[in-house]
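Residue numbers (the UniProt record's numbering): 1 to 275. Note that the Cβ used here is the ideal one computed from N, Cα and C, for glycine as well. The next block holds one structure in the form of structure tokens; read it before the comments.
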């Protein structure tokens, strides 16, 4: 978790926590986390074995794990965090199924109830997009496809997935999409109730979509990617080959994946809100 990005549940009212202004400020801070994590991951080769099930006999023999290395790494980290009570927070959900998580060692924190009970979960979608689309694209210019088994690589894999998921669902920092939709609903329930009751996804999509906000977001992302993705070696590059990451890849990630999936999360949550 990036603490600077998190929501303060301990010293704020429900109204303050669900303030759209505060949520959007959190999302803006998370943009930088995502750009930096992409840059961190792009420095390594693709390493496709990391995302293929059963590719590490050592995990099968010693851990009885037949899944991917990334999946095992997430499970190990999330299990230790479960013992600290991380997954009890309203904005925290593990990639690993909750039923496989141990109970907290410490006394549970009394968190406010902000979201209605729901079953929204896009973990599989995020992991699939990350392993099949993001990684191959941002590592395409490498002169190799495989690195040595560097532990630093495993850390960047985990943090990048969690940073991305935090922007669109309930992993790492929060499912801010649900907090956004809850905030919008409370602001004008009469506008949402008829469409929720009729299951009208198209109408709900129109209510939650703010073209001006999306346009500003993409411009801001483009600026951050352009600045953070350059190599500051004192020489102006003649070609894009020297960049740490291509700006269009970050823009594409938001435009084609994060924004659409965030809307899907918002709508799915709203449709379950009265169930």
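Pick helix, strand or coil for residue i, following the three-state DSSP scheme.
i	result
residue 111	coil
residue 79	helix
residue 256	helix
residue 51	helix
residue 168	Residue placement at residue 168 cannot be trusted, given a pLDDT of 41 that sits under 50; what the coordinates show is reported in the next sentence. Here residue 168 sits in helix by DSSP.
residue 1	Legend: pLDDT at residue 1 = 41, less than 50; position of this residue unreliable, value from coordinates given subsequently. Note: residue 1 maps to coil in three-state DSSP.
Quick one: is residue i buried, meaning 16 or more other Cβ sit within 10 Å of its Cβ, or exposed?
i	result
residue 227	exposed
residue 14	exposed
residue 167	Bear in mind that the predicted position of residue 167 carries a pLDDT of just 40, short of 50, making it unreliable; the figure below should be weighed with that in mind. The residue in question, residue 167, is buried, as its Cβ has 16 or more Cβ neighbours within 10 Å.
residue 94	buried
residue 274	exposed
residue 39	buried
residue 268	buried
residue 47	buried
residue 210	exposed
residue 23	buried
residue 261	buried
residue 219	exposed
residue 254	buried
residue 120	buried
On the DSSP letters alone, give me the boundaries of the alpha helix (DSSP H) that residue i sits inside.
i	result
residue 30	20–42
residue 265	259–272
residue 45	That residue, residue 45, is in no alpha helix (DSSP H); it is neither H nor E in DSSP.
residue 182	176–187
residue 223	211–228
residue 127	123–129
residue 204	201–208
residue 137	135–138
residue 58	57–63
residue 15	14–17
Could you tell me which of the options sits nearest to residue i, measuring between CA atoms?
i	options	result
residue 126	225, 186, 71, 53	71
residue 83	90, 265, 103	103
residue 133	101, 250, 12, 207	250
residue 276	18, 24, 33	This structure cannot settle anything about residue 276, because the visible part of the chain is limited to 1 through 275.
residue 45	136, 35, 129, 223	136
residue 53	73, 37, 202	73
residue 18	114, 214, 100	114
residue 42	12, 97, 140, 98	140
residue 221	16, 35, 25	35
residue 26	76, 177, 116, 200	177
residue 105	88, 252, 187	88
residue 184	79, 116, 207, 63	207
residue 37	245, 258, 202	245
Can you find a CB in chain B that lies within less than 9 Å of the CB of residue i?
i	result
residue 202	Here chain B cannot be found, since the structure has a single protein chain.
Do residue i and residue j have their CB atoms nearer than 9 Å?
i	j	result
residue 65	residue 51	no
residue 247	residue 225	yes
residue 180	residue 266	yes
residue 21	residue 217	no
residue 131	residue 49	no
For residue i, verify whether its CB is less than 8 Å away from any heavy atom of the ligand ADP.
i	result
residue 184	The ligand ADP is not part of the structure shown, which contains no ligands of any sort.
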